[in-house]
Amino acid sequence: MNRKQFLKSIALLPLIPYSMTLKDLNKMTSTMSNTGKMPVLFLGHGSPMNAIEENEFVSAFRKLGQEIIRPNAILCISAHWETKGTFVTAMQNPPTIHDFGGFPQALFDVQYPAKGSPELAEETKSIITKTEVGLDDKWGLDHGAWSVIKHLYPNADIPVIQMSIDYSKPARYHYELAQELNSLRHKGVLIIGSGNMVHNLRRVSWNKLNEEFAFDWAIEANEKMKSHILSGDHQKLIDFKSQGKAFDLAIPTPEHYLPLLYTLALKEENEKVTLFNDKSVGGSLSMTSLKIEPN
């Protein structure tokens, strides 16, 4: 605690219950304190099997975790938590959710015992004005979150909360909501969008799921998306339903695409965008991921 924080704490002493310890007081004044600006990530999570398989995608996730500033906490917007309304997980110990079927037992055996952060949940709720944010104590960490975060931080020693995607709202709503999260970047919070830019399970070529392969429309959509990302033309990405047949096939439902908009909405002027894992598998899934960071 620095001198300014100490003096502020002393000034508050008459208002603090006698039972509150010095440790509690220090936590109150230090939680969510300002830090250097954190990067923002969009991670193409692909198959849940990426959680336990070794491939170039998870190697890149591990490398990324070693390169970026170590966060105080993580806020993840996952494609796999859709709700009516917006919620954040607010429990101290979020369970590992195995929200899938038909995979080997080894995948169901994975646990990612990261702590939650009720403090970050409250902070997130307090800074959002666009909607009322609910505090959730039932969800936990779904595979859109833990299957990638476990590679960034394998020791599960960084608190993680999730924010849900309101399925009843249009893309612009999500983009504007995400912009209200910006102050968290200055408080040591790593914000991660987890989904896939191109995600059409109905057209997956299952015999090519473990090799690099993309249909022509998937290539077209992915290339246009990357062009708009790198040029900063977020408007076309927000208006994804008006971008032609390739986009329609790439985004038959929006839940895997919207986490990209949460990431892009947090990009500030002159920040650097880096693409990685820029490959497609199974014909209709792109693993393209990106990092936004201060220059």
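Its first residue numbered 0, the sequence shown is counted upward by one per residue in numbering that gives the first Met the number 0.
Beta carbons: idealized from backbone N, C-alpha and C, even for Gly.
Rounded separation between residue i and residue j - CA only
{"i": "Ser279", "j": "Phe56", "result": "11 angstroms"}
{"i": "Phe295", "j": "Ser77", "result": "Any property of residue 295 remains undetermined from this structure, which presents the chain solely from 0 to 294."}
{"i": "Leu134", "j": "Asp215", "result": "43 angstroms"}
{"i": "Pro153", "j": "Glu52", "result": "14 angstroms"}
{"i": "Met196", "j": "Arg171", "result": "17 angstroms"}
{"i": "Glu292", "j": "Ser182", "result": "14 angstroms"}
{"i": "Lys114", "j": "Leu260", "result": "26 angstroms"}
{"i": "Asp108", "j": "Ser230", "result": "42 angstroms"}
{"i": "Leu14", "j": "Gln65", "result": "Residue confidence is low: Leu14 scores 39 on pLDDT, short of 50, so the model does not pin down where it sits. No coordinate-derived value is stated."}
{"i": "Leu176", "j": "Pro253", "result": "16 angstroms"}
{"i": "Ile228", "j": "Asp277", "result": "13 angstroms"}
{"i": "Phe246", "j": "Gln234", "result": "14 angstroms"}
{"i": "Thr123", "j": "Met90", "result": "14 angstroms"}
{"i": "Thr95", "j": "Lys149", "result": "11 angstroms"}
Cβ pair residue i, residue j closer than 8 angstroms
{"i": "Asn355", "j": "Thr287", "result": "Only positions 0 to 294 of the chain appear in this structure, which leaves residue 355 out of reach."}
{"i": "Lys36", "j": "Arg184", "result": "yes"}
{"i": "Leu74", "j": "Ser193", "result": "no"}
{"i": "Thr262", "j": "Leu289", "result": "yes"}
{"i": "Asp141", "j": "His44", "result": "no"}
{"i": "Arg202", "j": "Gly282", "result": "yes"}
{"i": "Ile191", "j": "Leu180", "result": "no"}
{"i": "His173", "j": "Leu257", "result": "yes"}
{"i": "Lys225", "j": "Leu265", "result": "no"}
{"i": "Ala72", "j": "Ser146", "result": "no"}
{"i": "Thr302", "j": "Lys271", "result": "The displayed coordinates of the chain run from 0 to 294. Any statement about residue 302 would go beyond what the structure contains."}
Bridge partners - residue i, DSSP secondary structure assignment
{"i": "Phe275", "result": "Ser288"}
{"i": "Ala213", "result": "Gly282"}
{"i": "Leu189", "result": "Ile73"}
{"i": "Leu180", "result": "The partner list for Leu180 (beta bridge, DSSP) is empty, contrary to what the question assumes."}
{"i": "His198", "result": "Leu284"}
{"i": "Gly35", "result": "Gly35 is not bridged to any residue."}
Residue range of the unbroken alpha helix (DSSP H) whose run includes residue i
{"i": "Ala264", "result": "Neither: Ala264 is in no alpha helix (DSSP H) and is coded neither H nor E."}
{"i": "Leu63", "result": "Glu55 to Glu66"}
{"i": "Gln234", "result": "His233 to Ile237"}
{"i": "Leu320", "result": "Shown here, the chain extends from 0 to 294; a query on residue 320 therefore has no answer."}
Residue i - containing beta strand (DSSP E), residue span
{"i": "Trp145", "result": "Not the beta strand (DSSP E): Trp145 falls in the alpha helix (DSSP H), residues His142 to Leu151."}
{"i": "Phe86", "result": "Thr85 to Thr88"}
{"i": "Ile160", "result": "Val159 to Asp165"}
message: Closer than 8 angstroms is the cut-off here; do at least three beta carbon pairs connect the stretch 228-239 with the stretch 202-210?
response: no
task: Spell out a yes or no on whether the stretch 81-100 and the stretch 156-173 are touching, meaning 3 or more CB-CB pairs, one atom from each, closer than 8 angstroms.
output: yes
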